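**Student:**
Protein chains in written order, with our numbering: chain A, 1 to 297; chain B, 1 to 252.
(1) With C-beta atoms as the reference, is residue 222 of chain B less than 8 Å away from residue 52 of chain B?
(2) What does residue 91 of chain A reach in chain B if we use C-beta pairs closer than 9 Å?
(3) Which residue spans inside the segment 144–213 of chain B form an unbroken beta strand (DSSP E) run of at least 3?
(4) Does residue 116 of chain B get closer than 8 Å to chain A when you measure Cβ to Cβ?
(5) For residue 92 of chain A, count neighbouring C-beta atoms within 10 Å of its own C-beta (all shown protein chains included) and say buried if the count is 16 or more, exposed if not.
(6) Which residues, taken in chain order from the segment 4–27 of chain A, show a beta carbon closer than 8 Å to some beta carbon of chain B?
(7) Rounded to the nearest angstrom, what separates residue 155 of chain A and residue 32 of chain A at their Cα positions?
(8) Buried or exposed, going by whether 16 or more other CB atoms sit within 10 Å of the CB of residue 100 of chain A?
(9) Should residue 191 of chain A and residue 81 of chain A be called a contact, given that it needs their Cβ atoms to be closer than 8 Å?
(10) Could you please tell me which residues of the segment 147–180 of chain A, in chain order, have their CB closer than 8 Å to any CB of chain B?
(11) Quick one, which residues of the segment 224–253 of chain A are near chain B if we go by CB-CB under 7 Å, in chain order?
(12) Show which residues of chain C have a CB atom less than 9 Å away from the CB atom of residue 155 of chain B.
(13) Does the distance from the C-beta atom of residue 21 of chain A to that of residue 201 of chain A stay below 8 Å?
(14) Taking residue 64 of chain A as part of the alpha helix (DSSP H), name the residues at either end of that continuous run.
(15) May I ask you to list the residues that DSSP assigns as paired with residue 230 of chain B?
(16) Please go through the same chain and pick out, in chain order, the residues whose beta-carbon is closer than 6 Å to the beta-carbon of residue 187 of chain A, but skip the five residues on each side of it.
(17) Nearest chain B C-beta to residue 185 of chain A closer than 8 Å, yes or no?
(18) Under DSSP, the beta strand (DSSP E) around residue 77 of chain B begins and ends at which residues?
(19) Between residue 216 of chain B and residue 187 of chain B, which are expected to be in contact by the criterion C-beta below 8 Å, what is the C-beta distance as a whole number of angstroms?
(20) Look at the alpha carbon of residue 126 of chain B and the alpha carbon of residue 132 of chain B, and state the distance between them as a whole number of angstroms.
(21) Could you give the first and the last residue of the continuous beta strand (DSSP E) run that contains residue 138 of chain A?
(22) State the Cα-Cα distance for the pair residue 17 of chain A and residue 98 of chain B, rounded to the nearest angstrom.
(23) Just mark residue 61 of chain B as buried or exposed, buried being the case when its beta carbon has 16 or more other beta carbons within 10 Å.
(24) Quick one, which of A:198, A:19, A:249 and A:62 has its alpha-carbon nearest residue 36 of chain A's?
(25) May I ask you to verify whether the segment 63–75 of chain B touches the segment 107–122 of chain B, counting CB pairs closer than 8 Å and requiring at least 3?
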């Protein structure tokens, strides 16, 4: 029982962080219908900015996080305007190459400025346990991350469902041509999507390195991006709540299945999770919560 | 005007005053394929004008050249403003609502959201009431307001697309083959609705249509497009009497 609880808490803990980054990927997917390779690096950059403000300038971590979210949102908005908007949005290949280039550029810049030595990140949650049950520790980090992701999703749902810019964003992501016909300007709307995804990415990056067992270095986002992409695809790629479900499912498979199935070596945790992902996609190609393309003519 | 055009009688001139829409010598092409070879047409305030023509004559391209959805040369003026080269969204903001071929609904958005998007450029507070009024006219849309537009039948989607276009309170309504793919009864009720909108006044319409009988019945004037040029123009009544039009488009 204790062992099960320990594995459950572990699974939720890592699952919630996968979900946070998956949410950012879903947002950028809705804005561009492509997986943005630079998304993870923007999150890494935002996490470093948070670190610099908090550790070198001495501001509270949460305040630093908010400042970094604003900064990366502005940077993403400028990037969208300068590097993405000049290109035809229906032609994906040049856009994918641009995001790959951005990925390399941001990564190299971060390495140049901050070096590759891992750093201890001052977590945004208390480092101790909320509750212990034998060897099972329910950490503040686990609960805090999960609650943050749920609150984030509630806020994003409100933003997308109840505001005019949210309506415009969903229109552009549903049908670019018709959005133009009702007077929605695609450029500024997609720019909003980029900014929003970058801010969410920064939050997700900070959540990830807030775990005391993790450290901050310029390459951390690349590892996370693989799990987060898997979580996003599992959830359906265009569903925000699906990203949470996908992230948690992946985290739980990683810790519970691998914990109990003895012939799976523990190093194969994520590989196993990705195989589960493939199995799900064979049965439900649209993912757990993705929208099936419904259209009648 | 192109030299091949013949006017049936002088009634082909639109009513006096500045027309709402003027196309002058418009050329349009998809890549290397030239579709419009210098067409000119006018739609006056409050008029309903129909463009007839066979498949491939350039009817859809004519409408798309107004909305900045195809690269056009020449002059396209909406309420005196030249819109050639403008973005679709900016043309829409001048008061042009376009129901595209295939209806262009936001398939994965709810019926309600589709209607609200129609009113995207409006700043007044009457949007919710206007949506309810449209649902009263088409109760099936009201009943399914929360479901995805893509789940509606073709006819329901066409009524939704028309409702969405009217939500912007457009000065100019462009309809691209509204009857395409719909059952005859549905087409009938669609054109009855268009007749009502015309009778209520205020909405100027340019309709591209293959169903010439129904279209001419509600139109004031019409143009016949052949291979990218205007071959014929006149009042709806005159074209209904014209032998060539009757043979080619009315089927008797």
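Backbone N, C-alpha and C fix where the C-beta goes; we use that ideal spot for every residue, glycine too. The model shown is predicted, which means the values in this text are computed figures rather than measured ones.
**Tutor:** Quick answer:
(1) Yes, the Cβ-Cβ distance between residue 222 of chain B and residue 52 of chain B is below 8 Å.
(2) Going along chain B, no residue has its Cβ under 9 Å from residue 91 of chain A, so there is no contact; the nearest lies around 15 Å.
(3) Secondary structure within the segment 144–213 of chain B: the beta strand (DSSP E) runs of 3 or more consecutive residues, fully enclosed, are 172–176 and 204–208 (chain order).
(4) Residue contact with chain A for residue 116 of chain B: present (Cβ-Cβ distance below 8 Å to some residue of chain A).
(5) Around the beta carbon of residue 92 of chain A, a 10 Å sphere encloses fewer than 16 other beta carbons of the protein chains shown; the residue is thus reported as exposed.
(6) Within the segment 4–27 of chain A, no residue qualifies.
(7) So the two alpha carbons sit approximately 21 Å from each other.
(8) Answer is exposed; the Cβ neighbour count stays below 16.
(9) Contact flag set, yes.
(10) Correct list: 164, 167, 168, 170, 171, 174, 175, 177, 178, 179 and 180.
(11) Interface annotation for the segment 224–253 of chain A against chain B: empty, criterion Cβ-Cβ distance under 7 Å.
(12) Absence of chain C from the displayed structure is noted, the protein chains being A and B.
(13) Yes, these two residues count as a Cβ contact at 8 Å.
(14) First-last of the alpha helix (DSSP H) with residue 64 of chain A: 61–79.
(15) Paired residue(s): B:225.
(16) Residues of the same chain with a CB within less than 6 Å of the CB of residue 187 of chain A, apart from the 5 flanking positions on each side, are 85 in chain order.
(17) Contact of residue 185 of chain A with chain B is assigned, a C-beta pair being separated by under 8 Å.
(18) Counting along the chain, the beta strand (DSSP E) containing residue 77 of chain B begins and ends at 72–78.
(19) Wrong, their Cβ atoms sit about 14 Å apart, outside the cutoff.
(20) Each residue's Cα considered, the two are about 10 Å apart.
(21) DSSP places residue 138 of chain A inside the beta strand (DSSP E), whose first and last residues are 136–139.
(22) If I take the Cα positions, the gap works out to 44 Å.
(23) Residue 61 of chain B is classed as buried because its beta carbon has at least 16 other beta carbons within 10 Å across all chains shown.
(24) Ranking A:198, A:19, A:249 and A:62 by Cα distance to residue 36 of chain A puts A:198 first.
(25) Taking 8 Å as the limit for Cβ pairs, the verdict is that the segment 107–122 of chain B does not touch the segment 63–75 of chain B.
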